[in-house]
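Peer 1: So in my numbering, spot 69 of the sequence shown is number 70, and the numbers just go up one at a time.
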Amino acid sequence: MWAYTVGFTVLPHVGGFLGWFLNRKEIPAWYEKLKKPSWCPSRRVFPVAWTVLYTGMGYASYLVWNDLGGCSSKAIVPLGLYGAQLALNWAWPPLFFGARNLNMALIDILLLDGLAIGTACSWYRINSVAALLLLPYLGWLAMATCLTIRIWKDNPEQKPGKSD
Numbered sequence: 002m003w004a005y006t007v008g009f010t011v012l013p014h015v016g017g018f019l020g021w022f023l024n025r026k027e028i029p030a031w032y033e034k035l036k037k038p039s040w041c042p043s044r045r046v047f048p049v050a051w052t053v054l055y056t057g058m059g060y061a062s063y064l065v066w067n068d069l070g071g072c073s074s075k076a077i078v079p080l081g082l083y084g085a086q087l088a089l090n091w092a093w094p095p096l097f098f099g100a101r102n103l104n105m106a107l108i109d110i111l112l113l114d115g116l117a118i119g120t121a122c123s124w125y126r127i128n129s130v131a132a133l134l135l136l137p138y139l140g141w142l143a144m145a146t147c148l149t150i151r152i153w154k155d156n157p158e159q160k161p162g163k164s165d
């Protein structure tokens, strides 16, 4: 049983690590030059925050999966929502850093917000601890969404189709 716990807990880290690895050179080359609000967290905060958040959401997904008896028909919606929001979570760094597409990154994170909230709501009826484990993630997403909106708004020259 411990292998399932570890597997579910580690899974979110896989996409997060790949997103960082594939886009790590864009951070000093491009991201640092963007106009950002004064409340933007330091670059050093992001890996620590995402390690904690991915661990919490991964373990929470295990709790839901376990309470529903594995991959049963009852698990389709709650784990489907989780999988969809995780895919959007993993898609954001390549859109933002890799493609430097602020429009698509903004659309991605807004859709991600809705799916993450839907995931937490669907999980609450199954396992309230699992839903509560998503609260720090939802809080971080709120900040990340506001940050994405500000960067999108304050850097119009970075939007596709805009010229100087």
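Even for Gly, the Cβ is constructed at its ideal location relative to N, Cα and C.
Everything numeric in this text was worked out from a predicted model, so none of it was measured.
If we count the other Cβ atoms within 10 Å of its Cβ and call it buried at 16 or more, is residue 57 buried or exposed?
Peer 2: Translated into positions along the sequence shown, residue 57 becomes position 56. With 16 or more other Cβ atoms within 10 Å, it is buried.
Peer 1: Do you know how far the Cα of residue 148 is from the Cα of residue 40?
Peer 2: Reading the sequence shown from its first residue, position 39 is the one you call residue 40. Reading the sequence shown from its first residue, position 147 is the one you call residue 148. One C-alpha to the other measures close to 9 Å.
Peer 1: Between residue 117 and residue 44, what straight-line distance do the alpha-carbon atoms span, to the nearest angstrom?
Peer 2: Counting from 1 along the sequence shown, the entry for residue 117 is found at position 116. Counting from 1 along the sequence shown, the entry for residue 44 is found at position 43. Rounded to whole angstroms, residue 117 to residue 44 spans 24 Å at the Cα level.
Peer 1: Going by C-alpha distance, which of 126, 93, 121 is nearest residue 110?
Peer 2: The residue you call residue 110 lines up with position 109 of the sequence shown. Taking only the C-alpha atoms, the option nearest residue 110 is 93.
Peer 1: Report yes if the CB atom of residue 120 is closer than 8 Å to the CB atom of residue 135, and no otherwise.
Peer 2: Locating residue 120 in the sequence shown gives position 119, where the first residue counts as 1. Locating residue 135 in the sequence shown gives position 134, where the first residue counts as 1. Cβ atoms of residue 120 and residue 135: closer than 8 Å.
Peer 1: In whole angstroms, what separates the C-alpha of residue 7 from that of residue 20?
Peer 2: Taking the sequence shown and counting its residues from 1, one reaches residue 7 at position 6. Taking the sequence shown and counting its residues from 1, one reaches residue 20 at position 19. If I take the Cα positions, the gap works out to 21 Å.
Peer 1: Could you pull the start and end residues of the alpha helix (DSSP H) that residue 63 belongs to?
Peer 2: Locating residue 63 in the sequence shown gives position 62, counting from the first residue. Its alpha helix (DSSP H) spans residues 46-68.
Peer 1: Give me the residue from 73, 84, 32, 3 with the minimum Cα distance to residue 16.
Peer 2: Along the sequence shown, one-based indexing puts residue 16 at 15. Cα-wise, what sits closest to residue 16 is 84.
Peer 1: Please give the ranges of any alpha helix (DSSP H) in the stretch 97-128, keeping only runs that are unbroken, at least 4 residues long and fully inside the region.
Peer 2: The qualifying runs are 103-125.
Peer 1: Can you tell me whether residue 77 is buried or exposed, with buried defined as 16 or more other CB within 10 angstroms of its CB?
Peer 2: Here residue 77 corresponds to residue number 76 of the sequence shown, with the count starting at 1. The residue is exposed, with fewer than 16 neighbouring Cβ atoms inside 10 Å.
Peer 1: Just the C-alpha distance for residue 65 and residue 35, rounded to the nearest angstrom, thanks.
Peer 2: To locate residue 65, count along the sequence shown from 1; it is residue 64. To locate residue 35, count along the sequence shown from 1; it is residue 34. If I take the Cα positions, the gap works out to 39 Å.
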